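Chemist:
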Amino acid sequence: MLSERRLEVLRAIVQDYVGTEEPAGSKALTERHRLGVSPATVRNDMAALEDEGFIAQPHTSAGRIPTDKGYRLFVDKLAGVKPLSSPERRAIQNFLDGAVDLDDVVARTVRLLAQLTRQVAVVQYPSLTRSTVRHVELLSLAPARVMLVLITDTGRVEQRMVDCPAPFGETSLADLRARLNSRVVGRRFADVPQLVQDLPESFEQDDRGTVSTVLATLLETLVEETEERLMIGGTANLTRFGHDFPLTIRPVLEALEEQVVLLKLLGEAKDSGMTVRIGHENAHEGLTSTSVVAVGYGSGDEAVAKLGVVGPTRMDYPGTMGAVRAVARYVGQILAES
1 MLSERRLEVL RAIVQDYVGT EEPAGSKALT ERHRLGVSPA TVRNDMAALE
51 DEGFIAQPHT SAGRIPTDKG YRLFVDKLAG VKPLSSPERR AIQNFLDGAV
101 DLDDVVARTV RLLAQLTRQV AVVQYPSLTR STVRHVELLS LAPARVMLVL
151 ITDTGRVEQR MVDCPAPFGE TSLADLRARL NSRVVGRRFA DVPQLVQDLP
201 ESFEQDDRGT VSTVLATLLE TLVEETEERL MIGGTANLTR FGHDFPLTIR
251 PVLEALEEQV VLLKLLGEAK DSGMTVRIGH ENAHEGLTST SVVAVGYGSG
301 DEAVAKLGVV GPTRMDYPGT MGAVRAVARY VGQILAES
């Protein structure tokens, strides 16, 4: 276990390096931070921190910079989440409140996160498997053609065309719509198949084929992998950090182009609470020089998707964590009210 003083020295090194991009030396640390000890003592503490792998010397006669292990300890023990100011919170709320639908919410969230953190923002669309049914609409387009519209509690809308085996009148369609909604509204998607399995039997023989066809389309919609969607923004922000990537920024950009990689990154985040993965904690080779800060968001207590940012390990962790948490909370409120 590190002593409190050495933890304070590590905190000072991280803060200076993040703020100045320059390796920290003992003299500068004692001048900038109230450590209460001499530069010689700080040098001894830095030597101990280096021996334990928390800091490193980038080149001869330079100061020290944090390692992945040092950032990890900083995040776990030393970094409080920096709260946003009242103007920042109002700006977030006003910007997100203007969204007109789910696609707009996600697009605005990506832009907002990228601007607030000056990192790459990644937002996953709400997962269908974690959603509940808000409404099922059935619209007659022709005597034997129906449009099925599924609306979720997160504001997601899925539309499907249904070609019926026989003409289906408006009265029968209204009856099916009413009975279907009475069974599935407010229920989780996973429960819907069982809730509607005997519904065709409650209709006249001539209508059962059409009812079964409509239900089959509804169930197909529920299980489709349409949830594997995300939006990314702010990639250009990485160009400001060119010197933070040892050789080239290219592996990072290539990794960010792989949707599967990003979905896996977000999938590793806890549903509740914040996840911070630093440097080599990211399994993908192209992202070992980056950190990922992610959190779940949702319309209630349960997260329906994840959002977060990707940036260099030399990151303002308290500020980034505060921004990610605040945006997730506001997006959750919008989904709850939509």
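Following this note's numbering, the numbering of the sequence shown begins with 1 at its first residue and continues without gaps.
All C-beta atoms, glycine included, are put in the ideal place defined by N, C-alpha and C.
Fair warning: this is a prediction, and the values are worked out from it, not measured in the lab.
Below 8 Å, can you find three or more Cβ-Cβ pairs linking the stretch 260-267 to the stretch 140-155?
Modeler: no
Chemist: Decide if Glu4 is buried, meaning its Cβ has at least 16 other Cβ atoms within 10 Å, or exposed.
Modeler: What you label residue 4 is simply residue 4 of the sequence shown in a count that begins at 1. That one is exposed.
Chemist: Please confirm whether Tyr317 and Phe54 have their CB atoms less than 9 Å apart.
Modeler: On the sequence shown, position 317 is the one that residue 317 refers to. On the sequence shown, position 54 is the one that residue 54 refers to. Contact: no.
Chemist: With respect to the beta strand (DSSP E) encompassing Arg145, which residues constitute its N-terminal and C-terminal limits?
Modeler: Here the question's residue 145 lines up with position 145 in the sequence shown. Here the beta strand (DSSP E) through Arg145 covers Arg145 to Thr152.
Chemist: By how many angstroms is the C-alpha of Glu52 removed from the C-alpha of Thr226?
Modeler: The sequence position of residue 226 within the sequence shown is 226, counting from 1. The sequence position of residue 52 within the sequence shown is 52, counting from 1. Caution is warranted here: a pLDDT of 49 is assigned to Thr226, below 50, making its placement in the model unreliable, and the coordinate value is therefore given only provisionally. If I take the Cα positions, the gap works out to 47 Å.
Chemist: Of all the options Gly36, Leu35 and Ile13, which has the alpha carbon lying nearest to the alpha carbon of Gly25?
Modeler: Here the question's residue 25 lines up with position 25 in the sequence shown. Selected option, being the one with the closest Cα: Ile13.
Chemist: Using only the alpha-carbon positions, how far apart do Phe189 and Val110 sit?
Modeler: For the purposes of this step, residue 189 is identified with residue 189 of the sequence shown, where counting begins at 1. For the purposes of this step, residue 110 is identified with residue 110 of the sequence shown, where counting begins at 1. Looking at the two C-alpha atoms, the distance is approximately 27 Å.
Chemist: Note down, in chain order, each residue of its chain lying with its Cβ closer than 6 Å to the Cβ of Arg177, except the 5 sequence neighbours on either side.
Modeler: To locate residue 177, count along the sequence shown from 1; it is residue 177. Counting only Cβ-Cβ distances below 6 Å, and skipping sequence neighbours, we find Leu138.
Chemist: Could you give the distance in angstroms between the alpha-carbon of Thr154 and the alpha-carbon of Val105?
Modeler: Your numbering for residue 154 matches position 154 in the sequence shown. Your numbering for residue 105 matches position 105 in the sequence shown. So the alpha carbons of these two residues sit roughly 11 Å apart.
Chemist: Buried or exposed for Val309, going by 16 or more other Cβ atoms inside 10 Å?
Modeler: For the purposes of this step, residue 309 is identified with residue 309 of the sequence shown, where counting begins at 1. Classification for Val309: buried.
Chemist: Determine whether the beta carbon atoms of Gly286 and Ala326 lie at a separation below 9 Å.
Modeler: As a working mapping, residue 286 is identified with position 286 in the sequence shown. As a working mapping, residue 326 is identified with position 326 in the sequence shown. Cβ distance not < 9 Å, so Gly286 and Ala326 don't count as in contact.
Chemist: Excluding five sequence neighbours on each side, which residues of the same chain lie with their C-beta closer than 7 Å to the C-beta of Pro193?
Modeler: Your numbering for residue 193 matches position 193 in the sequence shown. Closer than 7 Å at Cβ, skipping near neighbours: Leu219.
Chemist: Measure the C-alpha to C-alpha separation of Asn282 and Thr210 and round it to an integer number of angstroms.
Modeler: Stepping through the sequence shown from its first residue, residue 282 is reached at position 282. Stepping through the sequence shown from its first residue, residue 210 is reached at position 210. The straight-line gap separating the alpha-carbon atoms of Asn282 and Thr210 is approximately 50 Å.
Chemist: Using a Cβ-Cβ cutoff of less than 6 Å, which residues in the same chain neighbour Ala99 once the five nearest sequence positions on both sides are dropped?
Modeler: Here the question's residue 99 lines up with position 99 in the sequence shown. Within the same chain, Ala99 has close Cβ partners Val105 and Arg108.
Chemist: Return the CA-CA distance between Glu22 and Leu335, expressed in angstroms with no decimal places.
Modeler: On the sequence shown, position 22 is the one that residue 22 refers to. On the sequence shown, position 335 is the one that residue 335 refers to. The straight-line gap from Cα to Cα measures roughly 43 Å.
Chemist: Look at the alpha carbon of Ala198 and the alpha carbon of Asn181, and state the distance between them as a whole number of angstroms.
Modeler: Within the sequence shown, residue 198 is the residue found at index 198, counting from 1. Within the sequence shown, residue 181 is the residue found at index 181, counting from 1. Checking the displayed sequence, the identity of residue 198 turns out to be Asp instead of Ala. Rounded to the nearest angstrom, the gap between the Cα atoms of Asp198 and Asn181 is 14 Å.
Chemist: Report the partner residues of Ser140 according to the DSSP bridge assignment.
Modeler: As a working note, residue 140 is residue 140 in the sequence shown. Val146, per the DSSP bridge assignment.
Chemist: Below 8 Å on the Cβ atoms is my contact criterion, and I expect Gly332 with Gly298 to pass it. Report the Cβ-Cβ distance as a whole number of Å.
Modeler: Taking the sequence shown and counting its residues from 1, one reaches residue 332 at position 332. Taking the sequence shown and counting its residues from 1, one reaches residue 298 at position 298. Your pair Gly332 and Gly298 checks out as a contact, with CB atoms roughly 5 Å apart and the cut at 8 Å.
Chemist: Starting from Lys306 and walking both ways along the alpha helix (DSSP H), at which residues does that stretch end?
Modeler: What you label residue 306 is simply residue 306 of the sequence shown in a count that begins at 1. No alpha helix (DSSP H) holds Lys306; the beta strand (DSSP E) holding it covers Ala305 to Pro312.
Chemist: Considering only the beta carbon of each residue, do Ser291 and Arg277 sit closer than 9 Å?
Modeler: The count along the sequence shown starts at 1 and reaches residue 291 at position 291. The count along the sequence shown starts at 1 and reaches residue 277 at position 277. Taking 9 Å as the Cβ cut-off, Ser291 and Arg277 qualify as a contacting pair.
Chemist: Check Tyr125 in the structure and name its three-state DSSP category.
Modeler: Against the sequence shown, residue 125 aligns to sequence position 125. Reduced to three states, the DSSP call for Tyr125 is coil.
Chemist: Whose CA, out of Asp103, Leu96 and Ser127, lies closest to the CA of Leu112?
Modeler: In the sequence shown, the residue the question calls residue 112 occupies position 112. Minimum Cα distance to Leu112 is reached at Leu96.
Chemist: Tell me the DSSP bridge mates of Thr275?
Modeler: Translated into positions along the sequence shown, residue 275 becomes position 275. Per DSSP, Ala294.
Chemist: So, helix, strand or coil for Asp101, using DSSP?
Modeler: For this step, residue 101 is matched to residue 101 along the sequence shown. Asp101 falls in the coil class under three-state DSSP.
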